[in-house]
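Each remark here refers to the structure printed beneath this line.
Number of protein chains: 4
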Amino acid sequence: MEYRRMGKTGLQLSVLSFGSWVTFHKQIDDSISDELMGIAYDNGINFFDNAEVYAAGESEKMMGRVLKKKNWDRTSYCVSSKAFFGWRGKQNKPNQTGLSRKHLTEACHEALQRLQVDYLDLYFCHRPDKAVPVEEVVRTMNTLIQQGKILYWGTSEWSAAEIMEAHRIAAQLGLIGPSVEQPQYNLLHREKVEKDYLDIFRTVGMGTTIWSPLASGLLTGKYNNGIPDDSRFALEGFDWLVRQWMEPDKLAKVKELTTFADELGVPVATLSLAWTIKNPNVTTTILGATKKEQLTENLKALDALPKLTPEAMNRIDEIVGTKPELPEY
Amino acid sequence: MEYRRMGKTGLQLSVLSFGSWVTFHKQIDDSISDELMGIAYDNGINFFDNAEVYAAGESEKMMGRVLKKKNWDRTSYCVSSKAFFGWRGKQNKPNQTGLSRKHLTEACHEALQRLQVDYLDLYFCHRPDKAVPVEEVVRTMNTLIQQGKILYWGTSEWSAAEIMEAHRIAAQLGLIGPSVEQPQYNLLHREKVEKDYLDIFRTVGMGTTIWSPLASGLLTGKYNNGIPDDSRFALEGFDWLVRQWMEPDKLAKVKELTTFADELGVPVATLSLAWTIKNPNVTTTILGATKKEQLTENLKALDALPKLTPEAMNRIDEIVGTKPELPEY
Amino acid sequence: MEYRRMGKTGLQLSVLSFGSWVTFHKQIDDSISDELMGIAYDNGINFFDNAEVYAAGESEKMMGRVLKKKNWDRTSYCVSSKAFFGWRGKQNKPNQTGLSRKHLTEACHEALQRLQVDYLDLYFCHRPDKAVPVEEVVRTMNTLIQQGKILYWGTSEWSAAEIMEAHRIAAQLGLIGPSVEQPQYNLLHREKVEKDYLDIFRTVGMGTTIWSPLASGLLTGKYNNGIPDDSRFALEGFDWLVRQWMEPDKLAKVKELTTFADELGVPVATLSLAWTIKNPNVTTTILGATKKEQLTENLKALDALPKLTPEAMNRIDEIVGTKPELPEY
Amino acid sequence: MEYRRMGKTGLQLSVLSFGSWVTFHKQIDDSISDELMGIAYDNGINFFDNAEVYAAGESEKMMGRVLKKKNWDRTSYCVSSKAFFGWRGKQNKPNQTGLSRKHLTEACHEALQRLQVDYLDLYFCHRPDKAVPVEEVVRTMNTLIQQGKILYWGTSEWSAAEIMEAHRIAAQLGLIGPSVEQPQYNLLHREKVEKDYLDIFRTVGMGTTIWSPLASGLLTGKYNNGIPDDSRFALEGFDWLVRQWMEPDKLAKVKELTTFADELGVPVATLSLAWTIKNPNVTTTILGATKKEQLTENLKALDALPKLTPEAMNRIDEIVGTKPELPEY
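Protein chains in written order, with UniProt numbering: chain A, 1 to 329; chain B, 1 to 329; chain C, 1 to 329; chain D, 1 to 329.
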């Protein structure tokens with residue numbers, strides 16, 4: 001396994017990490033998550049990603065049970081949570097969502113309980129919240145750090161300017177700004193990571209923990225001929241993913257990419273994962289899995305890196321046609 | 001004339017302003033610029049825009065001569081310059097371009113001499129300069145403010161994150177960040193102003209001085225049937241503008257827009273200008289002109305504002321198809 | 001016993017202190033360490049030095065057991081730990097070494113558990129870590145102070161410029177910089193303390209807790225005729241010390257020094273220890289010992305101070321030839 | 001000519017620059033200095049170095065007369081002065097030397113007059129002054145910047161910790177620290193630049209303007225067979241240079257270096273100059289000259305860079321034996 005510093009911090013994360021989104025509680029039970037986390041850990045993965053909203057808190061509970069049973073040295077891994085959406089769904093009351101000091105603090109406490117750990121290594125603002133002053137967010141995160149409940153804090157799906165605003169306020173107050181962003185990044189969704197964030201990588205030096213590296217599975221090629229019954233797109237509540245990805249244009253690109261992956265002698269999923277970590281501004285790419293074989297296969301992404309020659313990278317850019325154009329200055 | 005505060009500053013600028021780019025020295029002589037500036041001033045325009053690079057310094061010299069002759073009360077108008085490109089073109093030596101303290105300082109001195117004024121109201125970094133630390137830029141601009149040589153400083157064509165980085169450094173040092181940005185903005189080029197900058201309008205509150213509101217003249221409809229001999233696109237050294245704008249797709253949109261403007265009973269140029277100042281994040285839209293009639297016509301943009309009903313705005317969006325999609329959060 | 005303020009802090013340390021490096025767990029058991037710490041304490045020593053890496057954590061555990069058994073008033077002594085090397089040796093994983101917030105925090109927690117104390121009086125960065133931003137180190141140390149887990153923080157074997165960089169960041173953020181450095185210092189290794197650090201003693205006022213005052217025992221004269229079986233140099237894993245010290249040139253100096261000590265009527269070890277605390281920039285010199293007699297003998301260093309007349313100091317400088325030349329300004 | 005940014009600043013200096021030390025007024029008159037500065041400028045040199053103490057002020061007066069006569073665009077070159085030693089020699093009274101606000105300010109005024117310029121691009125503290133608080137120095141330099149009398153300030157022959165102390169104070173006060181140091185650096189004097197300053201290049205990012213790149217001429221080989229009558233070492237008041245350099249050991253190294261330079265087919269002086277600018281932490285190497293041919297020859301140092309292959313660099317290190325050993329961490 002390769003490890004990278006998370007942006008300008010001293011923290012080292014494995015370039016491939018393991019996330020529970022969608023799968024935990026919804027698609028897999030304790031015994032499978034135990035098996036998958038074991039495989040991940042044994043292969044050098046040291047970052048396990050979670051959020052209050054994943055399976056309405058059940059995802060963190062399941063991960064907490066596995067972590068307790070595994071009894072790994074707490075210093076050998078990192079675990080995260082994220083607050084914003086709450087976990088009660090349509091029953092969420094005021095202050096049970098968003099980024100107010102009350103919710104950020106209470107959501108942290110709840111995550112610690114569910115995960116059965118004393119502190120989170122990473123704690124994310126799962127989305128921006130324009131109704132809450134950035135100063136309140138920055139101060140609350142710093143209070144949680146002071147209290148020893150979290151070590152680093154981050155953002156997820158914030159705009160570059162929103163991230164910089166948090167840093168501006170932090171600079172003014174002498175506090176710690178966000179050090180990591182969790183953006184979507186994959187061959188079909190590149191603009192944020194490859195264009196919008198360039199200046200923040202260069203200046204404040206954010207790390208990134210990538211979600212949806214396979215475009216919700218589209219880049220595995222498994223939807224090339226329709227939606228299988230046991231797939232994520234067939235799950236209830238994920239219509240928005242289907243709408244986003246099951247477009248003829250995107251499917252056509254994935255098919256062509258699959259052909260190119262075949263030429264390189266590597267599964268298109270592996271190629272797509274390797275492509276994300278080829279980007280030096282990516283700290284870690286989060287893998288989800290429901291089956292042992294799937295995880296084992298995806299862990300081979302590191303071995304596929306040598307296939308990504310400059311020529312191959314150009315060919316991929318031609319196929320997907322998503323490379324953002326950069327400003328002249 | 002309507003006046004707007006420039007972002008969060010106390011400065012008031014007329015929503016229409018007058019710029020010398022391209023025209024001064026290249027297309028018009030002292031007598032015409034004298035006439036045009038007179039008309040502008042008499043119609044309530046209080047901001048005259050310039051830059052070291054416009055006509056290699058000759059534009060500022062011409063404006064300086066007119067200002068001296070007019071002898072208007074210095075408190076009744078604002079004048080700007082911009083540094084970055086230098087004015088010696090291919091003869092520029094090291095430190096004669098860019099945003100180092102040496103060039104920003106010396107370029108300011110030179111602009112004051114050419115414009116024959118004691119201070120600039122606005123002083124812009126004409127482009128970002130990644131080779132110079134933002135702290136050096138922020139400190140230099142503040143030193144020039146301390147020395148009374150400039151009143152406000154700004155940026156031009158910086159990314160949202162670059163602008164925020166300047167504000168972050170300024171916050172850290174207790175100094176003044178940029179308070180105005182000069183971006184291109186017109187019906188065919190909207191993403192920066194309507195999407196990228198939204199967060200900085202909301203947080204640090206930048207004002208904007210819009211350049212190219214008519215897409216270098218394309219939105220006047222005068223290129224609808226080719227490039228006239230006496231037009232900007234026919235000038236030497238402006239091939240890049242021709243390449244950028246003379247595209248069939250864009251010309252088609254302009255033609256359709258022209259038809260719609262006819263329906264509304266207003267010239268398409270006037271409509272296009274009015275559309276820019278309809279955006280409350282626009283402080284002022286800079287008009288260029290080579291002829292008296294042209295300027296007089298464009299000054300009517302304010303009168304056309306009532307034509308821009310919600311329905312008309314939607315119709316325009318449909319025609320140009322350039323309205324940026326905003327992120328959900 | 002004489003006590004000195006630790007640099008510019010208010011903390012008072014005995015000029016001779018007691019360290020567990022090499023000896024604890026490796027050379028001596030609980031009963032001997034109990035006896036030695038008792039002698040030290042009874043003779044007025046109030047600082048006991050330790051580190052996570054010493055005997056892979058066993059050194060801290062042993063000292064913790066002794067402290068618990070002794071049940072001395074917690075306010076009557078100071079205890080330290082140091083983080084950087086980790087304690088798992090070749091099994092160290094990412095984030096289990098270095099100066100990231102994660103390791104500094106977790107190593108502190110582990111040291112508190114091993115030493116069975118509620119807080120450390122001193123907590124050292126055992127080496128510089130160029131891969132971690134100094135800001136992260138400074139902030140983490142201040143967080144630990146805020147949390148009551150440590151009282152003062154320091155560095156060990158950092159360069160003068162690295163120490164000043166920590167103070168620069170601390171000054172910028174209004175935080176507490178390092179107040180003590182633990183450098184090697186003895187008659188054969190003087191440059192850092194007598195030359196490199198002079199400016200930082202004068203400006204930020206670092207205290208110093210000296211390690212290896214006897215050059216790993218070389219200055220006791222016991223290696224004058226080869227390496228005894230029961231000595232440190234005969235231990236496994238300390239080849240690097242042998243290579244560093246068992247050089248003909250150095251041994252010759254020690255022999256000449258031994259002769260001079262005889263003339264003064266004091267053992268060369270005692271003379272060498274006294275010489276370190278003669279330097280007013282030394283806060284405390286750390287003694288290690290495996291035998292009662294050795295410790296008792298070394299405690300007499302204070303009594304030997306009067307022997308170090310200006311003439312004796314000059315003679316010693318001539319013998320060792322290690323006095324650094326200072327810059328003119 | 002190649003240009004480099006001066007440390008972390010935006011200023012660009014030519015890698016070879018021209019200094020007046022020793023030569024101006026003492027060895028050459030106005031007509032020769034005019035010729036030499038003309039050659040330097042025409043070859044792309046944009047930095048001219050001076051100091052109050054050089055020839056007791058006469059050096060700056062001479063350079064000022066040449067600059068006035070040349071009438072080069074002020075933005076095309078940089079000029080420096082340095083304060084500390086005063087210029088009245090043994091007649092210096094209190095406050096006519098050192099780094100007090102009074103002397104720094106008055107010395108700046110005097111240098112501006114002698115050099116006949118409105119501002120200095122660089123202004124150096126020629127030595128540290130332990131009798132003056134660093135805060136007074138930092139504040140005075142920032143005041144001079146605010147007043148537009150200097151653009152950047154620096155140090156000369158300060159220790160790494162002294163430079164960092166200035167940066168610490170500047171950080172605390174939100175002021176500008178020194179951005180350039182003028183150290184001696186040549187094949188026989190390497191420790192400061194290659195060891196002591198490494199941390200400050202990495203952290204605060206000082207630029208360097210190198211003096212004595214030829215070890216006062218020793219590295220030209222001209223002293224290989226004794227001191228010529230018309231050489232610097234034969235001048236009155238330069239005995240300290242003779243004592244420093246005319247050592248058998250050093251002369252032997254220079255002779256061997258001369259042989260190696262012959263093998264490479266390049267004069268030893270050219271090789272020695274090229275070697276200094278091979279170091280990326282060197283911003284510019286200052287050339288002195290008394291004759292046209294000498295300057296023309298030395299300007300060829302840039303062409304000699306390709307000769308400095310890794311193998312040649314190793315060979316040179318073996319010959320001079322001055323490469324400093326770096327600490328492990």
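In this text, a Cβ means the ideal position worked out from N, Cα and C, and glycines have one as well.
Ends of the alpha helix (DSSP H) at residue i?
i	result
W275 (chain C)	268-278
V320 (chain C)	310-320
R139 (chain A)	134-146
In the structure shown, what three-state DSSP assignment does residue i receive?
i	result
L175 (chain D)	coil
S33 (chain B)	helix
H167 (chain A)	helix
L187 (chain D)	coil
D42 (chain D)	helix
Y329 (chain B)	coil
V53 (chain B)	coil
L299 (chain A)	coil
V180 (chain A)	strand
List the endpoints of the continuous beta strand (DSSP E) containing residue i.
i	result
I150 (chain A)	150-155
L13 (chain B)	12-14
Y3 (chain A)	3-5
So which residues of chain B does residue i contact, with C-beta pairs closer than 9 Å?
i	result
Y41 (chain D)	By Cβ distance, chain B contributes nothing, its closest Cβ being about 11 Å from Y41 (chain D), past 9 Å.
Please list the partners that residue i has in chain D, where partner means a Cβ-to-Cβ separation under 9 Å.
i	result
G174 (chain B)	G174
R127 (chain C)	E328, Y329
G131 (chain B)	For the record, residue 131 (chain B) in the displayed sequence is Ala; it is not Gly. In chain order: R5, G10, Q12.
L99 (chain B)	G10
Please tell me whether, using a cut-off of 7 Å, the distance from the CB of residue i to the nearest non-hydrogen atom of the ligand PLP is below it.
i	result
E181 (chain B)	Of ligands this structure carries none, so the ligand PLP is not represented either.
Are the CB atoms of residue j and residue i within a distance shorter than 8 Å?
i	j	result
L299 (chain B)	K278 (chain B)	no
W87 (chain B)	V53 (chain B)	yes
E194 (chain B)	P94 (chain B)	no
G221 (chain B)	V242 (chain B)	no
A51 (chain A)	H109 (chain A)	no
M164 (chain A)	L115 (chain A)	no
Y3 (chain C)	L13 (chain C)	yes
K292 (chain A)	I39 (chain A)	yes
G7 (chain A)	G207 (chain A)	yes
T259 (chain A)	Q27 (chain A)	no
V138 (chain D)	G177 (chain D)	yes
List, in chain order, every chain A residue whose beta-carbon is nearer than 8 Å to that of residue i.
i	result
H189 (chain B)	The contacting residues do not exist; H189 (chain B) stays about 12 Å from chain A at best.
Counting only Cβ pairs nearer than 7 Å, list the residues of chain A close to residue i.
i	result
Q146 (chain C)	Q146
E136 (chain C)	T9, G10
Output, in chain order, the set of chain C residues within a Cβ distance shorter than 7 Å of residue i.
i	result
E165 (chain D)	M164, D199, T203
Cβ closer than 9 Å: which chain C residues qualify as neighbours of residue i?
i	result
S76 (chain A)	K93, P94, N95, Q96
Item to complete: Give, in chain order, every unbroken run of the beta strand (DSSP E) that is at least 3 residues long and sits entirely within the stretch 203-275 of chain C.
Response: Considered as a whole, the stretch 203-275 of chain C harbours 207-210 as its complete beta strand (DSSP E) runs of no fewer than 3 residues, in chain order.
Discussion item. Ignoring anything shorter than 3 residues, give me the beta strand (DSSP E) runs that lie fully in the stretch 56-127 of chain A, in order along the chain.
Written reply: 78-83, 120-125
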